[in-house]
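>
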DNA sequence: TCTGATGATTGCCT
DNA sequence: AGGCAATCATCAGA
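In full-length UniProt numbering, the protein residues as written are 1 to 346.
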């Protein structure tokens with residue numbers, strides 16, 4: 001530390017050397033010999049500061065030039081930079097090495113998975129595919145919703161990329177500006193390239209925190225869109241008339257045991273263009289509702305029973321099989337509407 | 001707008 | 001795991 005006063009003194013010496021704008025006694029570096037003389041000098045300097053004009057700025061440029069040309073300048077600045085490095089910057093440096101932010105990684109992963117960042121996925125997101133599978137049946141409506149989802153997702157993607165580009169551009173502009181400024185200043189004050197580098201990384205950190213906010217809000221938007229899309233599965237559509245007929249036909253022709261096997265369910269699902277789960281739901285609902293109010297379903301049961309009987313008769317007449325899928329439980333018979341849930345045949 | 005019908009979901013049971 | 005029962009949410013006709 002005892003170096004500094006000496007250095008500062010020599011610095012001052014460099015700065016004042018041969019400057020045309022300063023009083024003669026300042027250029028000589030001696031100052032006044034008595035107290036009144038010193039006060040006079042300080043007063044002169046203050047006076048100069050207070051009366052800076054365009055002309056004095058020109059003088060400052062000349063002074064800067066003189067400073068740059070001084071033979072001691074590079075060595076002096078090197079030493080000053082070293083001292084700075086050892087004090088302030090080393091303290092900051094200890095805090096610089098940060099592990100990758102887990103939250104940022106999570107956001108990046110999610111944006112990648114949803115196809116917002118990274119290469120655009122042709123078939124839309126995993127969420128869309130999952131929801132498409134979940135909603136099963138209504139194909140046309142589903143694909144319409146799917147494309148709606150994709151359109152909204154690509155809108156989010158576009159906004160995200162535009163904003164990201166804007167931030168990156170602003171970051172680059174600002175970094176360049178600060179670097180130029182520091183390089184320029186490094187001619188008149190001790191700034192090492194390392195310090196410039198550090199400043200750049202500080203700027204990048206600031207901008208990346210802004211980017212993180214952008215990523216966060218983008219993720220939120222995707223989540224909202226996704227949940228809205230997945231909720232759409234609750235928007236049920238009634239099965240078409242033909243599907244209902246097929247299901248009812250099976251139900252009433254197997255009234256004594258209305259529990260289709262897995263194969264039968266698959267066959268029904270195929271015929272009705274719905275999922276096996278929907279077939280199961282339908283039979284679950286039908287059984288419980290039939291049981292609760294047999295009287296109400298009497299007419300329907302009779303109608304389907306008659307229809308089944310007719311088709312069975314036709315089938316036997318033509319020597320072919322009946323229309324209903326696989327299980328020939330009550331085939332040929334006239335299933336009376338006497339379903340008793342306790343008497344399952346299994 | 002109301003109301004019954006109906007597909008889906010949930011929690012419990014066997 | 002599959003079924004039952006209750007319930008929810010939406011559709012569709014009056």
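The beta carbon of each residue, even a glycine, is placed where N, CA and C say it ideally should be.
As the structure is a computational prediction, the values presented were derived from the model and not from experiment.
If residue 215 and residue 57 are in contact, beta carbons under 8 Å, what's the gap, nearest whole angstrom?
Numbered from its first residue, the first chain carries residue 215 at position 215. Numbered from its first residue, the first chain carries residue 57 at position 57. Their Cβ separation, rounded to whole angstroms, is 46 Å, which puts residue 215 and residue 57 out of contact at 8 Å.
> Measuring straight from C-alpha to C-alpha, what distance separates residue 28 and residue 68?
What you label residue 28 is simply residue 28 of the first chain in a count that begins at 1. What you label residue 68 is simply residue 68 of the first chain in a count that begins at 1. Any reading at residue 28 is ruled out, since the residue's pLDDT is 40, under 50, leaving its predicted position unreliable.
> By DSSP, does residue 257 sit in helix, in strand, or in coil?
Residue 257 sits at position 257 when you count from the first residue of the first chain. Coil at residue 257, not helix or strand.
> Given residue 86, which residues of its chain have a CB within under 8 Å of its CB, disregarding the five upstream and five downstream residues?
The residue labelled residue 86 in the question sits at position 86 within the first chain. None.
> Let me check understanding here. Comparing Cα to Cα, which of 117, 275, 246, 60 lies closest to residue 162?
Here residue 162 refers to the residue found at position 162 when the first chain is read from its first residue. It is 117 whose Cα lies nearest to the Cα of residue 162.
> At what residues does the alpha helix (DSSP H) containing residue 262 begin and finish?
Here residue 262 refers to the residue found at position 262 of the first chain. From DSSP, the alpha helix (DSSP H) with residue 262 extends over 262–272.
> According to DSSP, simplified to helix, strand and coil, what is residue 190?
If you number the first chain from 1, residue 190 lands on position 190. Residue state, collapsed to three classes: coil.
> Determine the direct distance from the alpha carbon of residue 258 to that of residue 308, and round the result to whole angstroms.
Along the first chain, read from residue 1 onward, the residue named residue 308 stands at position 308. Along the first chain, read from residue 1 onward, the residue named residue 258 stands at position 258. So the alpha carbons of these two residues sit roughly 15 Å apart.
> With C-beta atoms as the reference, is residue 252 less than 7 Å away from residue 305?
If you number the first chain from 1, residue 252 lands on position 252. If you number the first chain from 1, residue 305 lands on position 305. A contact, by the Cβ cut-off of 7 Å.
> Under the rule that 16 or more other beta-carbon atoms within 10 Å means buried, what is residue 310, buried or exposed?
On the first chain, position 310 is the one that residue 310 refers to. Classification for residue 310: exposed.
> Can you give me the Cβ contacts of residue 272 inside the same chain, cut-off strictly under 6 Å, excluding the 5 residues immediately before and after it?
Stepping through the first chain from its first residue, residue 272 is reached at position 272. 243, 246, listed in sequence order.
> Just to confirm my understanding: we take residue 269, look at its own chain, exclude 5 residues before and 5 after, and list those with CB closer than 8 Å. What are they?
As a working mapping, residue 269 is identified with position 269 in the first chain. Hits under 8 Å: 275, 276, 278, 279.
> Do residue 208 and residue 81 have their C-beta atoms within less than 7 Å of each other?
Start at 1 with the first residue of the first chain, and residue 208 comes out as number 208. Start at 1 with the first residue of the first chain, and residue 81 comes out as number 81. Result no, Cβ atoms of residue 208 and residue 81 do not sit closer than 7 Å.
> Where do the ends of the alpha helix (DSSP H) carrying residue 360 lie?
Since the first residue of the chain shown is 1 and the last is 346, residue 360 is not available in this structure.
> What span of residues does the alpha helix (DSSP H) with residue 74 cover, start to end?
Stepping through the first chain from its first residue, residue 74 is reached at position 74. Here the alpha helix (DSSP H) through residue 74 covers 73–84.
> What separation, rounded to the nearest whole angstrom, lies between the Cα atoms of residue 181 and residue 70?
Taking the first chain and counting its residues from 1, the one referred to as residue 181 is at position 181. Taking the first chain and counting its residues from 1, the one referred to as residue 70 is at position 70. Taking the straight line joining both Cα atoms gives about 22 Å.
> Please list the terminal residues of the continuous alpha helix (DSSP H) segment that includes residue 279.
On the first chain, position 279 is the one that residue 279 refers to. Start and end: 276–292.
> One question on the structure: do residue 374 and residue 203 come within less than 7 Å of each other, judged by their Cβ atoms?
Residue 374 cannot be examined here, being either before or after the span of the chain that is shown, 1 to 346.
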